[in-house]
Every structure is written in C-alpha cells, then in structure tokens.
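One structure is given here, and the rest of the page talks about it.
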Amino acid sequence: MKTTALVILHPGFEEMEAVAPIDLLARANIEVTQASLTAERLVKGKSGMTLLADCSLGDLLENQLFDTVILPGGPGINEIRNHTDICKIFQRHHTAGKLVACICAAPLLLLDAGIAEDLRYTAHPAARKELPNAENTAFILDGNILTSAGAGTATEFGLALIETLKDRETRDRIADSICWRHD
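At position 140 of the sequence shown the residue is numbered 130 (the numbering used here), and the sequence of numbers has no breaks.
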C-alpha cells in the first residue's frame, strides 16, 4: 500500500517549508497531495512563489486519512489560527495515530487543535510567546507529532518525515542523493 502525505498550502505559507518536504517525500516514493486551504488552487507564498495545489482542502473526503498531514508555517499562519478544518484534520489524524507534522509557526495550530498539551515540540522563535515550552532544536518527534523550527530546518524536517514514514535506510538514501551531510 502506498504511503501518503497531505500538505496544506495556505496563503502566505513559507515556500521552503512546503517545497523541501514535498520534493523529498516524492523522492522517497511517498504520494503527496497538495491541498489549498481555499477554493483557489493557485496558492501564493510569503515570498511570491505560487504553487498549484492538486485540490482544495474542501475537495477531500471528510474522514479521509493520510499517513501524515503537514502544515508549513510562514506569516500566513496568523490568518488561519483556529481554522476549523485544519483543527479537525489534526485531531482526526492524531487520534488515528497518523503523523501530524508542523514547521515554523504552524505548531500554533497544534495548540488550537488541543493536541499540544504534554507535548515536546519546537517552533519558530516568533511563535514562542504562545508556545513557551518550545525547545530550541531543528526538529522533535514526540509520539506521532513532528515539529520543526523554521525554513532553515526544512530539509532536516523532510528527511525526518521520510525516516518516520519509511525507515532510516530510505532517509539516508535520499539524503545521499541530495548530497546532504548526515550522521
């Protein structure tokens, strides 16, 4: 059975935090669905890069599960705080034991979804007012929640997704293919 990932693209997303994981997951033969948060399939990121989503989030089946759901951060996070659909998707995937992955300021939506309590996580320093327990590290996997600090950690985040969804060997093979120095 194919491993699947859902990447939620929202207006003002941080491009590196979306593109690096999408690319790395595809290299690992993980089927990636890019879903626009709005009905518009063209989604403009914070630096002006526009991605064409496969569908809108509303097009997905209400109870559809992916092996992981990924939310990139960026300044657009402030506009989507407490977004009902994202919170429901996070809760549904978390309850089902699926991987929920957030980078940069996106862990704020873990808080909004009510699944950040007793969680070890990291986040962008700008989000730490509301997430004061965020650790200063590239990424943290705690149970089925993966968090990462920001654009500079996007490649490590993508590789951590691969290792969690597949295995260390696949992660290392992909890391070698992109000349990523790793342990």
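We put the CB at the ideal spot given by N, CA and C, even for glycine.
Values in this document were obtained by computation on a predicted structure and should not be read as measured data.
- Residues of the same chain with a CB within less than 6 Å of the CB of H0, apart from the 5 flanking positions on each side, are L27, G66, I70 in chain order.
- Excluding five sequence positions before and after Q81, the CB atoms of its chain that fall closer than 6 Å to its own CB belong to A103, given in chain order.
- The Cβ atoms of A106 and L100 lie closer than 7 Å to each other.
- Only residues of its own chain outside the window of five on either side were considered, and among them R110, Y111, T112 have a CB closer than 8 Å to the CB of E125, listed in chain order.
- Between the C-alpha atoms of L41 and F147 there is a straight-line separation of about 20 Å.
- The criterion of a C-beta distance shorter than 7 Å is not satisfied by A43 and V22.
- Beyond the five residues adjoining it in sequence on each side, D75 comes within less than 8 Å, by CB distance, of L27, L47, G48 in the same chain, given in chain order.
- A residue is called buried when at least 16 other Cβ atoms come within 10 angstroms of its Cβ; R161 meets this threshold and is buried.
- Q54 carries a coil assignment under DSSP once its states are collapsed to helix, strand and coil.
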